[in-house]
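Below you'll find the structure, written out as structure tokens, and then a few comments.
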Amino acid sequence: MTQQQGGSPVTDDFFDLILTGGLLVTGEGIRRADVGVRGETVAAIAPDLRRHPAREVVDATGMYVLPGAIDVHVHPVYEDDVEACSRVAAYGGITTLLHFAYARPGESLLEQVERMLEDGQARSRLDFSLHGGLFEAPRQVPEIPRVMELGVRTFKFFLAYVKQRWYTDDYHLLWAMHLLAERGGMAMIHAENGGGIDYLEDRYWEELGGSQAAHFFHISHPPALEEEAVFRAISMAEVAHCPLYIVHVTAARVLRPIRQARAEGRQVFAETCAHYLTLTQDLLQTRGALAKIGPPLRTEADQEALWQALADGTLSVVSSDHAPKKKDPWGDFREQPYGAPGLETLFIVTHDEGVNRGRISLVRLVQVLCENPARIFGLYPRKGTIAVGSDADLVIFDPRREVTLRAENLHSGAGYTLYEGRTVLGWPVMSFQRGHRVLWEGEVVAEPGAGRFLPLLASPQVAPL
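Residue numbering for the sequence shown follows my numbering, beginning at 746 and increasing consecutively.
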């Protein structure tokens, strides 16, 4: 697949790397073209670049050449830390990560962001950016301006988890949104009505107990309370004139206020996650608390509605919400943490469920996993596309390779996958970041510290597709 061409003088038409023979896929379409890389950026895109001298030529015949995927929703604080997340992501065709730097109650937001920034620069194998995450808004909202000076412009607030004291009330949310609007930032919202859910948990656990834990979990986290929180967040953002990003949308009815806001031209963006597109709430019956995710997995009808929303542009992004945690699947359900691993399988299962089953096109897949994340978070066109001048973040994807997903052939420290035993068609076989090898012959070869921190630009630069 690869050959070296040494000894040629460096001229204007000399390339460090040429990918040849593949089908080039971007958010604009599919075409047969070669990609020439000079230094760390794409220098040429043309039908036949092999006639030019190059240090390395990679034959991608029969495969797709895609932009590196961007996962904007990663939690590197559980069984996979910053370094491990970058390695796990690289196996899945991802080349850029946006991590949440959470400041829990009693902690300084500024110190947590500085700590994760230093860790990422020292150990990340992939390029990365950071979001701030506020668990104690009264203490941490005043730190937002100083954190933004570090290149962080997106901040997450929780409308859920009142009992845990992670909740941001309306007063502090509106204060934060005004600070962000004035400085070119964006608010990110975990949208569930926390007080209502806490009440329902207390009520139904007393009635049903642990014998019906899965049923209790579903009825205590209804889609109506997710929709209410989305509507409230959109209303607050309208008052503050603040761009808004809704994380992990799960259900059909939650799409209603998002569609209305986008139809009215508001800067409201929303993501769903691969697990909401591919798994349903029935999984709790067979996997127990391993499938305990917040918000919960929903129904097949909700799943179909999410696919339609991805296709029509209501939803702009698919992320992993990677939160690999150790759990006792059949222990006390209430004591088991929320979250599951999903970083390595993000691109793979979304492609298999979406493209292979005709729900979205391959071009749309690239839009929601590569281009739109870059556009919304201020990284486009450096990231998210294959264009002259863009970073040479490139993935060679084999649409014919079939793999059965098992915990033993994945790489997260969680030790399990919710896709155990699922066979997928299509697999990333090679990747480059800024022209340098990342995934090569089935192994991640990028070294810790090879990644660079990417300061996010102020406000979405281009409306997403």
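Glycine included, each C-beta is placed from N, C-alpha and C at the ideal position.
By the 16-neighbour rule on beta-carbons within 10 angstroms, residue 1079 is exposed. For secondary structure counted as the alpha helix (DSSP H) over 4 or more consecutive residues, the stretch 1017–1105 holds these complete runs in sequence order: 1019–1023, 1028–1032, 1045–1057 and 1091–1095.
For residue 865, the uninterrupted alpha helix (DSSP H) run begins and ends at 854–868, by DSSP.
Burial of residue 1178 is indicated by the presence of at least 16 other C-beta atoms within 10 angstroms of its C-beta. For a cut-off of 8 Å, the C-beta gap from residue 1122 to residue 838 is around 19 Å, too long to register as a contact.
The Cβ atoms of residue 922 and residue 985 lie closer than 9 Å to each other.
Residue ranges of uninterrupted alpha helix (DSSP H) with 4 or more members, entirely inside the stretch 771–852 and ordered along the chain, are 827–836. Excluding the 5 residues flanking it on each side, residue 1144 has same chain C-beta neighbours closer than 8 Å at 808, 809, 1170 and 1171, in chain order.
For residue 1188, the closest C-alpha among the options 785, 971 and 834 is that of 834. According to DSSP, residue pairing for residue 1198 in a beta bridge involves 873. Residue 759: not part of any alpha helix (DSSP H); DSSP gives it neither H nor E. Around residue 946, the same chain offers 965 as residues with beta carbons nearer than 6 Å, after the five sequence neighbours per side are excluded. In this structure, the straight-line span from the alpha carbon of residue 1041 to that of residue 1066 is close to 12 Å. Excluding five sequence positions before and after residue 789, the CB atoms of its chain that fall closer than 6 Å to its own CB belong to 781, given in chain order. Counting of Cβ neighbours within 10 angstroms places residue 1138 among the buried residues, the total reaching 16 or more.
Taking 9 Å as the cut-off, the beta carbon of residue 818 is found closer than this to the beta carbon of residue 1018.
When only Cα atoms are considered, residue 870 and residue 951 end up about 47 Å apart. Residue range 1139–1149 is occupied by the beta strand (DSSP E) that includes residue 1143, with no alpha helix (DSSP H) assigned at that position. Residue 841 and residue 884 have their C-alpha atoms some 31 Å from each other.
In terms of Cβ geometry, residue 1047 and residue 1021 form a close pair [threshold 9 Å]. Residues of the same chain with a CB within less than 8 Å of the CB of residue 1076, apart from the 5 flanking positions on each side, are 1034 in chain order. Judged by DSSP secondary structure, residue 909 falls outside any beta strand (DSSP E); it is assigned neither H nor E. Listed in chain order, the beta strand (DSSP E) runs fully inside the stretch 976–1023 are 989–991 and 1013–1018, counting runs of at least 3 residues. With respect to residue 1103, residue 1110 sits apart: the two C-beta atoms are not nearer than 9 Å. Residue state for residue 1173 is assigned as strand, using DSSP reduced to three classes. Shown here for residue 774: same chain residues with a beta carbon closer than 8 Å to its own, the five before and five after excluded, namely 1108 in chain order. Residue pairing of residue 1182 in beta bridges, as defined by DSSP: 1177.
Residue 1191 sits in coil when the DSSP states are folded into three classes, being neither helix nor strand.
Around residue 1153, the same chain offers no residue with a beta carbon nearer than 6 Å, after the five sequence neighbours per side are excluded.
By the beta-carbon neighbour count (other beta carbons within 10 angstroms, threshold 16), residue 997 is buried.
Straight across, the Cα-Cα distance linking residue 881 with residue 911 is about 6 Å.
Going by DSSP, residue 935 is part of the beta strand (DSSP E) stretching over 931–935.
In the displayed model, residue 961 falls within a helix according to three-state DSSP. By the criterion of a C-beta distance shorter than 7 Å, residue 858 is surrounded in its chain by 846, 875, 877, 892, 895 and 897, once the five residues flanking it on both sides are discounted.
Using a C-beta cut-off of 8 Å, the stretch 793–802 makes no contact with the stretch 822–834, since fewer than three inter-stretch Cβ pairs fall below that distance.
Between residue 908 and residue 943, the CB-CB gap stays under 9 Å.
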